[in-house]
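>
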Amino acid sequence: MNQRGPGEHVDELISASLSGNLDDAERRLLIDHLADCERCRETLAAFTAERRYLSGLRQAPVPRDLAARVRAGIESGRFAAVPWWRRPSRLLVGGAMVATAAAAVLVGVLISTNLRPPVASSNSPLPFGSATLSASATSSAAASGTPAPSQSAAPLAAQPVGYLVLTRVSATDPSKGSRLQIVAPATNQAIVTITTPSAQNPISGGILHASLSPDGRWVAFVSRVGAKGTAAVWAARLSDGVTVSLGEGAESANPFYDQLAWSADGSVLAYTLISGPDAAGPSDVWLFRPSSSDVRQLTASGSAVAASFEPGITGGNAQLWVSVASASGPTSYRLAIPTASGTSPEKIQPATAATATVSGAFLPLLAPDGRSAIVWHGQMAKGAGWQFQRGGMPYLVTGADPASLKLSDMGQPLFPSLTLAQGDGFGSAAIAWSAGSDGFVVWNTAWTGVPQAAGFPDHQRIYLGHVRTRELIGPNQALDAKDVTGTVAAIQDVKLAPDGLHLAITVARPLAGDLSAPAADLIIVKREYGTTPDGVSSLGAAGSWNGPGLYPSVGTP
-14 MNQRGPGEHV DELISASLSG NLDDAERRLL IDHLADCERC RETLAAFTAE RRYLSGLRQA
46 PVPRDLAARV RAGIESGRFA AVPWWRRPSR LLVGGAMVAT AAAAVLVGVL ISTNLRPPVA
106 SSNSPLPFGS ATLSASATSS AAASGTPAPS QSAAPLAAQP VGYLVLTRVS ATDPSKGSRL
166 QIVAPATNQA IVTITTPSAQ NPISGGILHA SLSPDGRWVA FVSRVGAKGT AAVWAARLSD
226 GVTVSLGEGA ESANPFYDQL AWSADGSVLA YTLISGPDAA GPSDVWLFRP SSSDVRQLTA
286 SGSAVAASFE PGITGGNAQL WVSVASASGP TSYRLAIPTA SGTSPEKIQP ATAATATVSG
346 AFLPLLAPDG RSAIVWHGQM AKGAGWQFQR GGMPYLVTGA DPASLKLSDM GQPLFPSLTL
406 AQGDGFGSAA IAWSAGSDGF VVWNTAWTGV PQAAGFPDHQ RIYLGHVRTR ELIGPNQALD
466 AKDVTGTVAA IQDVKLAPDG LHLAITVARP LAGDLSAPAA DLIIVKREYG TTPDGVSSLG
526 AAGSWNGPGL YPSVGTP
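In the numbering used here, the protein residues as written are -14 to 542.
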């Protein structure tokens, strides 16, 4: 295929990737183009948003004369030498068929868009290794109790583009250490083996959280440090597996401290570290710049946590929201973070450096498109870290566009069906957005109020909602109870695919003994509704730590 000039788009490549008609050069061209072309990324985002709606369209019947028309076209040979994506569109019949074909483009793009490591030249090979993994598939039982038929593994578009796998080098000798790799489900191959700065600082504990940078070049992740009760934050470069240590702090069961927030251009990572030997220690926000491997402390308040970045870059600055917890009420601050290396603020008081302040708001999590946010309100107290003591509740705030989104608005309670007595609420909960900005997922809910009907909210269940249909969280938004089976130590991490319907759930399993290797299952769930059971499959080999999953960042303006 001919090379393109500046400003040209690759619509035909996006379409062709669906049927596997791209050669290696065309596939690389598509991947590189998507990295730099906002228009084509917006096309992908549009298909992401429409996929959910198109799934409910009536299927158009096949025209009775279709076979004769196709046969006549073949016999004429008119388009024999023309690739299918350049042929006239009149062979596509029916509006619903056209819409279905358009939605299917997303599948090809996500298959083509592997984790894109930076390469020195177009001839530089990716650092592929080998990985042993299995893909199994089951289905949770239907609500009626009728056994559901077994299903195949989730389609590649629904699977993560990669996931972390931690494996003991020797099953019988823990002293030989562990190997950490990132595996691509599309190829069942390791993209890269991750190495630490020194042999004295290995990664051997479970991987608690992970986040892929928007440019696909880095993965930030948090690993448990043995039995010390601490957690280490890392950033791994996907081109060669070289890892930068971003600090170590107390491990907390409180999800408010778990955010790994990337700026829209991938130039800055914001995260939270808890100082001291336990989770009650002071917390502050830190920054990492991949371009210079610069690591520095941003805040010096002792009770600050990283929340999320606003979409886009304004005047050379990424806009980061951080929150400061207090018994008198939390406050969230917007801080301007320069994207250029060597210009980061350091050890600041958020109140004095903020470009915007929202009193009473905690941990504003903005959707990637900037049109929605989930914000906490309530009275906080400090125990093993800061959490809500009375009236803790997440609220959904929306705007017509990012400029009209007002975090100071209370919005709607994310759990509108709860019957609240005075002071009832959540101590904490984990919440994450889909890259498509429609779906959001809630898990590890710590409900402190009076018991509700049917055991809702349930700390052991995962809840899925959607913004565009105003599907807020109630008992019916819980995933099927049988999606996650076996003995569960923790729902460690949940990622939501861009379509807002597929989830990658990292389920930590109990340790078999003090010297046993940490183990986790990575479960892929396709959310279904009504009496249809959720589709369930898994990635990774039993006995290893599989997860978290990594989905690409799409849908940002």
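Cβ coordinates follow ideal geometry from the N, Cα and C atoms, glycine included.
Within 10 angstroms of its Cβ, does Leu500 collect 16 or more other Cβ (buried), or is it exposed?
Start at 1 with the first residue of the sequence shown, and residue 500 comes out as number 515. Exposed, since its Cβ has fewer than 16 Cβ neighbours within 10 Å.
> Please report how far the alpha carbon of Ala235 lies from the alpha carbon of Ser522, in whole angstroms.
For the purposes of this step, residue 235 is taken as residue 250 along the sequence shown, with counting starting at 1. For the purposes of this step, residue 522 is taken as residue 537 along the sequence shown, with counting starting at 1. Between Ala235 and Ser522, the C-alpha separation is close to 33 Å.
> Is Lys391 buried or exposed, if buried means 16 or more other CB atoms sit within 10 Å of its CB?
If you number the sequence shown from 1, residue 391 lands on position 406. By the neighbour-count rule (16 or more Cβ atoms within 10 Å), Lys391 is not buried but exposed.
> Looking only at C-alpha atoms, which of Glu513, Pro495 and Ile359 sits nearest to Ala505?
Against the sequence shown, residue 505 aligns to sequence position 520. Among Glu513, Pro495 and Ile359, the Cα nearest to that of Ala505 is on Pro495.
> Pick out whichever of Val307, Ala312 and Ser313 has its Cα sitting closest to the Cα of Ala321.
In the sequence shown, counting from the first residue as 1, residue 321 sits at position 336. Of the candidates Val307, Ala312 and Ser313, the one whose C-alpha sits nearest the C-alpha of Ala321 is Val307.
> Please report the residue range of the beta strand (DSSP E) in which Thr491 lies.
Residue mapping note: residue 491 aligns to position 506 of the sequence shown, counting from 1. Looking at the DSSP string, the run of the beta strand (DSSP E) that includes Thr491 is His487 to Arg494.
> Quick check: what's the CA-CA separation for Lys161 versus Thr152?
Position 176 of the sequence shown holds residue 161. Position 167 of the sequence shown holds residue 152. Cα to Cα, Lys161 sits roughly 11 Å from Thr152.
> CB-CB under 6 Å to Gln197, same chain, minus the five flanking residues each way: which ones, in chain order?
Counting from 1 along the sequence shown, the entry for residue 197 is found at position 212. The sequence given here has Leu at residue 197, not Gln. If we look at Leu197 and ignore the five residues flanking it on each side, its Cβ neighbours are Val204 and Leu535.
> Who pairs with Arg209 in a beta bridge, going by DSSP?
In the sequence shown, counting from the first residue as 1, residue 209 sits at position 224. Answer is Ala216, bridged to Arg209.
> How big is the Cα-Cα spacing for Ala303 and Thr516?
Taking the first residue of the sequence shown as position 1, residue 303 is located at position 318. Taking the first residue of the sequence shown as position 1, residue 516 is located at position 531. Approximately 45 Å, taken between the alpha carbons.
> Whole angstroms is fine: what's the gap from Pro528's alpha carbon to Ala502's?
Here residue 528 corresponds to residue number 543 of the sequence shown, with the count starting at 1. Here residue 502 corresponds to residue number 517 of the sequence shown, with the count starting at 1. Here residue 528 turns out to be Gly, not Pro, going by the sequence shown. Distance between the alpha carbons of Gly528 and Ala502 is about 8 Å.
> May I ask you to list the residues that DSSP assigns as paired with Ile176?
One-based indexing of the sequence shown puts residue 176 at position 191. DSSP output for Ile176 lists no bridge partner at all.
> What does the alpha-carbon distance come out to for the pair Lys367 and Glu(-7)?
As a position in the sequence shown, residue 367 is number 382, starting the count at 1. As a position in the sequence shown, residue -7 is number 8, starting the count at 1. Taking the straight line from one Cα to the other gives about 55 Å.
> Name the two residues that bound the continuous alpha helix (DSSP H) containing Ala336.
Within the sequence shown, the letter at position 351 stands for residue 336. Residues Pro335 to Ala338.
> Cβ of Ile188 within 7 Å of Cβ of Thr178?
By 1-based counting over the sequence shown, the position of residue 188 is 203. By 1-based counting over the sequence shown, the position of residue 178 is 193. Their beta carbons are not under 7 Å apart, which means Ile188 does not touch Thr178 by this criterion.
> Let me confirm a value: Gly211 is counted as buried when at least 16 other C-beta atoms fall within 10 Å, else exposed. Which label applies?
For this step, residue 211 is matched to residue 226 along the sequence shown. Exposed.
> Taking Cβ positions, are Thr257 and Val309 nearer each other than 7 Å?
Reading the sequence shown from its first residue, position 272 is the one you call residue 257. Reading the sequence shown from its first residue, position 324 is the one you call residue 309. No, the Cβ-Cβ distance between Thr257 and Val309 is not below 7 Å.
> Residue range of the beta strand (DSSP E) that Val307 falls in?
If you number the sequence shown from 1, residue 307 lands on position 322. Note, Val307: beta strand (DSSP E), Asn302 to Val309.
> By the DSSP assignment, the beta strand (DSSP E) with Pro533 in it spans what residues?
Taking the first residue of the sequence shown as position 1, residue 533 is located at position 548. Taken as a continuous stretch (DSSP letters only), the beta strand (DSSP E) holding Pro533 covers Trp530 to Leu535.
> For Ala346, I'd like the list of residues in its chain whose CB is within less than 8 Å of its CB, leaving aside the five on either flank, ordered along the chain.
Working through the sequence shown from its first residue, we reach residue 346 at position 361. Same-chain partners within the cutoff: Ser308, Pro315, Thr316, Ser317, Val360, Trp361, His362, Leu392 and Ser393.
> Three or more beta-carbon pairs under 8 Å between the stretch 265 to 276 and the stretch 217 to 234, yes or no?
With a cut-off of 8 Å, the stretch 217 to 234 and the stretch 265 to 276 count as touching, because enough Cβ pairs lie within range.
> Residues in its own chain within less than 6 Å of Ser248 by CB, not counting five upstream and five downstream?
Position 263 of the sequence shown holds residue 248. Excluding sequence neighbours, Ser248 sits near Phe294 and Ala303.
> From Ile447, Lys480 and Leu507, pick the residue whose C-alpha is nearest to that of Ser538; which is it?
As a first step, residue 538 is located in the sequence shown; it is residue number 553 there, counting from the start. For Ser538, the nearest C-alpha among the options comes from Lys480.
> Taking the alpha-carbon positions, what's the Ala171 to Thr472 distance?
To locate residue 171, count along the sequence shown from 1; it is residue 186. To locate residue 472, count along the sequence shown from 1; it is residue 487. Their Cα atoms are separated by approximately 29 Å.
> Which one or two residues does DSSP pair with Leu320 in a beta bridge?
Stepping through the sequence shown from its first residue, residue 320 is reached at position 335. In DSSP, Leu320 forms a bridge with Leu305.
> What does Gly424 pair with, by DSSP beta-bridge criteria?
On the sequence shown, residue 424 is found 439 positions in, with the first residue counted as 1. DSSP lists His451 as partners of Gly424.
> Report yes if the CB atom of Arg209 is closer than 7 Å to the CB atom of Ala220, and no otherwise.
Counting from 1 along the sequence shown, the entry for residue 209 is found at position 224. Counting from 1 along the sequence shown, the entry for residue 220 is found at position 235. Their beta carbons are not under 7 Å apart, which means Arg209 does not touch Ala220 by this criterion.
> Does the distance between the C-beta of Asp386 and the nearest non-hydrogen atom of the ligand ZN fall short of 6 Å?
Questions concerning the ligand ZN fall outside what the structure shown contains, since it holds no ligand whatsoever.
> Between the Cα of Gly377 and those of Phe273, Thr383, Ala406 and Ser357, spot the shortest distance and give me the residue it belongs to.
On the sequence shown, residue 377 is found 392 positions in, with the first residue counted as 1. Comparing Cα positions, the closest option is Ala406.
> Tell me whether Gln477 is buried or exposed, calling it buried when 16 or more other Cβ atoms sit within 10 Å of its Cβ.
As a working mapping, residue 477 is identified with position 492 in the sequence shown. Classification of Gln477: buried, given that the 10 Å Cβ count is 16 or more.
> DSSP on Pro460, reduced to helix/strand/coil?
By one-based count along the sequence shown, residue 460 stands at place 475. In the structure shown, Pro460 sits in a helix (DSSP, three-state: H, G or I).
> Between Ala415 and Pro240, which are expected to be in contact by the criterion C-beta below 8 Å, what is the C-beta distance as a whole number of angstroms?
Residue numbering aside, residue 415 sits at position 430 when the sequence shown is read from its first letter. Residue numbering aside, residue 240 sits at position 255 when the sequence shown is read from its first letter. That pair is a contact at about 4 Å.
> Per DSSP, which one or two residues make a beta bridge with Glu233?
As a first step, residue 233 is located in the sequence shown; it is residue number 248 there, counting from the start. Ala217.
> Just confirm the distance between the C-beta atoms of Asp409 and Val452, as a whole number of angstroms; I'd bet it's less than 8 Å.
The count along the sequence shown starts at 1 and reaches residue 409 at position 424. The count along the sequence shown starts at 1 and reaches residue 452 at position 467. About 25 Å; that fails the 8 Å criterion.
> Residue range of the beta strand (DSSP E) that Leu165 falls in?
Here residue 165 refers to the residue found at position 180 of the sequence shown. Per DSSP, Leu165 belongs to the beta strand (DSSP E) from Ser163 to Ala169.
> For Arg455, count neighbouring C-beta atoms within 10 Å of its own C-beta (all shown protein chains included) and say buried if the count is 16 or more, exposed if not.
The sequence position of residue 455 within the sequence shown is 470, counting from 1. When all chains shown are included, Arg455 counts as exposed.
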